Amino acid sequence: MSTDARKESLRYLFERVVTPLGYKFSPDEQLVDDLLEAEVQLEQDHGAPFCPCQGRTGVREEDMKIVCPCIPFHRAHFDAMRRCWCGLYVHLDVTDPDSLPQFPPDEV
Amino acid sequence: MVDEVFVYALSTCPWCRKTKQWFDDSRIAYDFVDVDKLPDDEQDAAADKAYELSGGRRFPVVVINGEVIVGYSPDKFLEHLKGWGGGS
Amino acid sequence: MTGPCWVPTIDDTTVPDGAYVAVFPKGLGVLLTRVDGDLYAVANKCAHMGCPMEGGKLEGYVLTCPCHDWRFDVRTGVFLDAPELSIRTFPLKVEDGKVHVEVGGA
Ligand code: SF4
Ligand code: FES
């Protein structure tokens, strides 16, 4: 499958996951495109669309919690930022994603 | 007054790129490593170092004069840059 | 809208306790499981990226997807880490020794 086709299918699959959780794809189309492209590459190289902004450890139990969309496993943190760590997803009511700060979970 | 800045980054992470861009635009010298671009045998050590400093696995991890900042956060960068009147 | 559509699948006795069997009523991927004597039917398709759930571990009522380890309760289909998400469940009944699955409105 071509990268573009896989990007489209990830978009379709993930939209169905994040909508019930109160998230949507960021209105920043360029950011979304870059991140999906990175995820397709990670999937090809490492077997799953891992988070482009979080590092794997090689411990399966930990690494499976950073397969996109990882929102269910970082809910309180992401809800506080109103975005996921990468900013691929934002809360449904967000129109200005650049205004959302990125801060670590211990500052929630 | 020379600030020591080091950025642990992933090549796949847009906020890591924005962080480097911010230091470039601010004309502040920094060193960095794209952990995922290192040769296989060096990746683990660099990643472990970033995880240890940050207490997590999120990138970027920015070390300014020994202080660790996790995430793209210009306000916090400024706070810790002595050359900008921040730091202690 | 189609009405209820009960489809006979396999013999009741062929679903062992603490395990599951994949069946395909009307071509639909369904896992029949039995836990503590009670039968359950869930979609053989993960809510994450659509992987077949077959091949995943069943521990108590918890079925873990083999792809990325998302965990679901076979009684309700609910995803343990976010109750807003779930896999589909199907009504079932045993008649004449066979498990019938209701796939109407599929
Ligand atoms: S932080 Fe965002 S992009 Fe990264 S895995 Fe989680 S949901 Fe996906
Ligand atoms: S497809 Fe089931 S956990 Fe990812």
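Residue numbers (this note's numbering), protein chains in the order written: chain F, 1 to 108; chain S, 1001 to 1088; chain Y, 2001 to 2106.
For every residue, glycine included, the Cβ atom is placed at its ideal position computed from N, Cα and C.
Since we're looking at a predicted model, the values are computed, not measured.
Taking a beta-carbon distance threshold of 8 Å, F:Leu100 does not count as an interface residue toward chain Y.
Counting only residues of its own chain and dropping the five nearest sequence neighbours on each side, Y:Phe2090 has a CB closer than 7 Å to the CB of Val2030, Ala2041, Val2101, Glu2102, Val2103.
Distance between S:Leu1053 and Y:Trp2070, taken at the CA atoms: about 29 Å. Here the stretch 1058-1069 of chain S lies against the stretch 1013-1024 of chain S, with 3 or more beta-carbon pairs under 8 Å apart. Per DSSP, reduced to three states, the secondary structure at S:Ile1028 is coil, with no helix or strand assignment. Listed along the chain, the chain Y residues whose CB falls inside 7 Å of the CB of F:Leu21 are Ala2082, Glu2084. With the criterion CB distance below 5 Å from any heavy atom of ligand 2, the matching residues run Y:Cys2046, Y:His2048, Y:Met2049, Y:Cys2051, Y:Cys2065, Y:Cys2067, Y:His2068, Y:Trp2070 along the chain.
Put simply, the backbone Cα of S:Asp1040 is about 14 Å away from that of F:Gly55. Proximity of Y:Ala2047 to chain F, defined by a Cβ-Cβ separation below 8 Å, is satisfied.
Residues of chain F with a Cβ closer than 9 Å to the Cβ of S:Ala1047 are, in chain order, Gly55, Arg56, Thr57.
Pairwise C-beta distances place the stretch 2078-2098 of chain Y in contact with the stretch 2038-2056 of chain Y, as three or more of them are shorter than 8 Å. Contacts between Y:Asp2069 and chain F, judged by CB atoms closer than 9 Å, involve Arg60, Glu61, Met64, Lys65, Val67 in chain order. Here the alpha carbons of S:Thr1019 and S:Phe1006 stand approximately 11 Å from one another. With contacts defined as CB atoms closer than 8 Å, F:Cys84 and F:Pro52 fail to qualify as a contacting pair. Residue side-chain check: S:Trp1015 keeps its Cβ at 7 Å or more from all non-hydrogen atoms of ligand 1. In this model, Y:Val2062 and F:Gln102 are separated by some 34 Å (Cα to Cα). By the C-beta criterion, the stretch 11-30 of chain F is judged to be in contact with the stretch 61-73 of chain F, since at least 3 inter-stretch pairs fall below 8 Å. For Y:Pro2008, the pairing in a beta bridge is given by DSSP as Y:His2100.
Shown here, F:Glu37 sits in a helix according to DSSP, grouped into three states. Between the alpha carbons of F:Val94 and Y:Asp2096 lies a distance of about 56 Å. With a threshold of 8 Å between beta carbons, F:Phe73 makes no contact with chain S.
For the stretch 32-50 of chain F, the set of residues with a beta-carbon nearer than 9 Å to any beta-carbon of chain Y comprises Ala48, Pro49, in chain order. The set of residues whose C-beta lies within less than 5 Å of a heavy atom of ligand 1 reads, in chain order, F:Cys51, F:Cys68, F:Pro69, F:Cys70, F:Cys84, F:Trp85, F:Cys86, F:Leu88. The CB of F:Val17 comes closer than 8 Å to the CB of Ala2047, His2048, Leu2085 in chain Y, given here in chain order. Our two residues, Y:Pro2016 and Y:Thr2033, have alpha carbons roughly 8 Å apart in a direct line.
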